[in-house]
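Residue numbers (this note's numbering): 54 to 646.
All C-beta atoms in this analysis are idealised placements derived from N, C-alpha and C, irrespective of residue type, glycine included.
Quick notes on the structure that follows.
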Ligand SMILES: [Zn+2]
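Have a look at this one:
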């Protein structure tokens, strides 16, 4: 952000600016709410934080600062939004800031960045063919990819080098442009300046991400190693002037003609699944990348079709994201069918084991969303007792309410009543009511957040230097005792917040679902937590982790006894004694408070 934009942001009042477009009412000490201008709704799920200067919609996940609001609502590029906000706040514009040379420079930069990505793609492709790429070629062959398939998707290999790509591209652009490409990293120096750039992607299989016109704008790198040193399995380009994760659907460039012909899009979860399905001739396939759909992505897809066949299990690890995607698509009026593959296989494995004909048959046999959900309700709450029926119905009601068409809601409710064998007049009436009224917002999973998580999140989001000691306490705990935090639903958000430097808390959490949790906590906060609050939250987690570890140990001890492994038994018993003692200590500490 330019200095001028920074100044404007500091002086602008986001509440006033947004009030220029929609009606807001005060909803808390520091926040306002209103009807979201970015999706249709009848009860407000759009919030604005007056102090932290962000907005967030719990219905459609729209989120950002004053500029992003204006960009979205006025449909203008960023520099124009800065100008609009400056004018609204009576801040004089510096002459040269928005003159046309500036805009010319911007479009020159975009062209340059596209050129760099093209050259990088060619470089990675070349490396894949070279001697260093053998391991990657072997991996890809193992996944059933032919050389033609590799060529189609322009898959490559980033060598184990800090300067391979840099040396290749350094003649093409200045340092600033290279940095802006997202292809390189650099370390912050002691004096706050950035050091030399080096290759961001190393020792990874490289999957290019293209925009709708097929130009490469970013990459996903997959490591072939396991263990601590390998880093995350998948590693993406950061947000750049070319690439914004929430605006891209993987493979839409190649799939769009086929989507129009088939009159539906097949939606799979991972890029590898997508590639594999596409190369077997099912070309109307696109992928989310493990995160929930955003509204711009839905809008992008709607230009091509209103029908989606979803092939991922909404119940698995990425389930939350999958479920949210389906909910958003439903709310936006898409017709959705769901494929479940035998044996819980993913599309890639299914095709390799059963063949492409079996997969096509599975897609043809996709069930309507209603049938699928009713079946799930019956599986989750089996039996014919009234209690089970109520539970099954409660599970279905929110799904029914979410459908925008009354006809579809009626149909769904009728099917549910029939298939669940609901004969009670009361339950039937509830179903009828659900069909009558459409629910306006997707519920956030607030209930899944514990008080401990809320305290930690608020501590990590502290920006006031006075609360620095609370913040540091939380940062250190997240960094050093990862095991205590890993099982939390907010772990990704906590980690991102702990790693933020001077940036705004709302800017560092990328995943929309996680960001919604952060927004919810920040909108509800009155004051940042004190040090002792943070300390006892951490202690609570330590205690829980200890209890879990003790439970594991008891299992290991029983096993060692069965095997007659006395050496192991002695070690485990000693560990258990120590943990028992530690747990008692923690509990005593709590009693004293
Ligand atoms: Zn919204």
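Residue 101 to residue 348 span [Cα, whole Å]: For the purposes of this step, residue 101 is identified with residue 48 of the chain shown, where counting begins at 1. For the purposes of this step, residue 348 is identified with residue 295 of the chain shown, where counting begins at 1. For residue 101 and residue 348, the distance between alpha carbons rounds to 19 Å.
Would you grab the beta carbon distance between residue 594 and residue 610 for me? Rounded to a whole angstrom, and I think it's under 8 Å. Counting from 1 along the chain shown, the entry for residue 594 is found at position 541. Counting from 1 along the chain shown, the entry for residue 610 is found at position 557. Actually they are not in contact, since the Cβ atoms of residue 594 and residue 610 sit about 24 Å apart, beyond 8 Å.
Taking the DSSP output, what are the residues bridged to residue 241? Here residue 241 corresponds to residue number 188 of the chain shown, with the count starting at 1. For residue 241, which the question treats as bridged, DSSP gives the partners 247.
Quick one: residues in its chain with C-beta nearer than 8 Å to the C-beta of residue 497, no 5 flanking neighbours on either side, listed in chain order? Here residue 497 refers to the residue found at position 444 when the chain shown is read from its first residue. With a pLDDT of 35 at residue 497, under the threshold of 50, the modelled position of this residue cannot be trusted; read the value that follows with caution. Closer than 8 Å at the Cβ level, and outside the excluded window around residue 497, lie 111, 569, 570 and 573.
Minimum C-alpha distance to residue 187 - residue among 325, 209 and 233: If you number the chain shown from 1, residue 187 lands on position 134. Measuring from the Cα of residue 187, the nearest candidate turns out to be 209.
Buried or exposed by the 16-neighbour rule on C-beta atoms within 10 Å, applied to residue 585: Counting from one through the chain shown, the residue named residue 585 turns up at place 532. Exposed: under 16 other Cβ atoms inside 10 Å.
Where residue 508 falls, given that 16 or more other Cβ within 10 Å makes a residue buried: Locating residue 508 in the chain shown gives position 455, where the first residue counts as 1. So residue 508 counts as buried.
Given the structure, does residue 115 come close to ligand 1, in the sense that its CB is under 7 Å from one of the ligand's heavy atoms? Residue 115 sits at position 62 when you count from the first residue of the chain shown. Correct: residue 115 has its Cβ closer than 7 Å to ligand 1.
Mind checking who residue 276 pairs with in its DSSP beta bridge? Residue numbering aside, residue 276 sits at position 223 when the chain shown is read from its first letter. DSSP lists 257 as partners of residue 276.
May I ask you to check if the CB of residue 107 is nearer than 7 Å to at least one heavy atom of ligand 1? Sequence index remark: in the chain shown, residue 107 carries index 54 (1-based). No, the beta carbon of residue 107 sits no closer than 7 Å to any heavy atom of ligand 1.
With hydrogens ignored, establish whether the beta-carbon of residue 346 is closer than 7 Å to any heavy atom of ligand 1. Along the chain shown, read from residue 1 onward, the residue named residue 346 stands at position 293. Checking the Cβ of residue 346 against ligand 1 gives no.
Once you ignore the five residues that flank residue 378 on each side, which residues in its own chain have a CB closer than 7 Å to its CB? Position 325 of the chain shown, counted from the start, is the residue given in the question as residue 378. Contacts found: 341, 345 and 346.
Is the beta carbon of residue 550 less than 8 Å from the beta carbon of residue 562? Mapped onto the chain shown, residue 550 falls at position 497. Mapped onto the chain shown, residue 562 falls at position 509. In this structure, residue 562 lies closer than 8 Å to residue 550 by Cβ.
Should the segment 419-438 be regarded as contacting the segment 383-392, the criterion being three or more beta carbon pairs within less than 8 Å? yes
Short of 8 Å in beta carbon distance, which residues of its chain neighbour residue 194, apart from the five on each side in sequence? Order them along the chain. Along the chain shown, read from residue 1 onward, the residue named residue 194 stands at position 141. Same-chain partners within the cutoff: there are none.
Could you spell out the range, first to last residue, of the beta strand (DSSP E) harbouring residue 320? Residue 320 sits at position 267 when you count from the first residue of the chain shown. Looking at the DSSP string, the run of the beta strand (DSSP E) that includes residue 320 is 318-321.
Nearest-angstrom Cα distance between residue 66 and residue 135? For the purposes of this step, residue 66 is taken as the residue at position 13 of the chain shown. For the purposes of this step, residue 135 is taken as the residue at position 82 of the chain shown. For residue 66 and residue 135, the distance between alpha carbons rounds to 13 Å.
What does the alpha-carbon distance come out to for the pair residue 183 and residue 143? In the chain shown, the residue the question calls residue 183 occupies position 130. In the chain shown, the residue the question calls residue 143 occupies position 90. Taking the straight line from one Cα to the other gives about 59 Å.
DSSP three-state label for residue 384, please. Counted from its first residue, the chain shown places residue 384 at position 331. Reduced to three states, the DSSP call for residue 384 is helix.
If you reduce the DSSP assignment to three classes, tell me which class residue 197 lands in. Here the question's residue 197 lines up with position 144 in the chain shown. Three-state DSSP puts residue 197 in coil, outside helix and strand.
List, from N- to C-terminal side, the alpha helix (DSSP H) runs of 4 residues or more that fit wholly inside the segment 409-485. 409-417, 422-433, 439-455 and 459-472
DSSP state of residue 124, grouped into three classes? Here residue 124 refers to the residue found at position 71 of the chain shown. Of the three classes helix, strand and coil, the one that applies to residue 124 here is helix, per DSSP.
Output needed for residue 270: all residues of its chain with C-beta closer than 7 Å, excluding positions within five of it in sequence on either side, in chain order. Counting from 1 along the chain shown, the entry for residue 270 is found at position 217. Correct list, in chain order: 170, 262, 263, 264, 295 and 296.
Give every residue of the same chain whose Cβ lies closer than 6 Å to the Cβ of residue 212, excluding the five residues on either side of it in the sequence, and list them in chain order. In the chain shown, counting from the first residue as 1, residue 212 sits at position 159. So the list reads 180 and 185, once near-sequence residues are dropped.
Does DSSP classify residue 177 as helix, strand or coil? Translated into positions along the chain shown, residue 177 becomes position 124. Reduced to three states, the DSSP call for residue 177 is helix.
Could you tell me whether the segment 159-174 touches the segment 215-223, where touching means 3 or more Cβ pairs closer than 8 Å? yes
From 310, 552, 459 and 617, pick the residue whose C-alpha is nearest to that of residue 527; which is it? In the chain shown, the residue the question calls residue 527 occupies position 474. Selected option, being the one with the closest Cα: 552.
Under the DSSP definition of a beta bridge, which residues are partnered with residue 117? As a working note, residue 117 is residue 64 in the chain shown. Paired residue(s): 108.
Take residue 316 and list the residues in its own chain whose beta-carbon comes closer than 7 Å to its own, dropping the five residues that flank it on each side. Start at 1 with the first residue of the chain shown, and residue 316 comes out as number 263. Here the set comprises 358 and 360.
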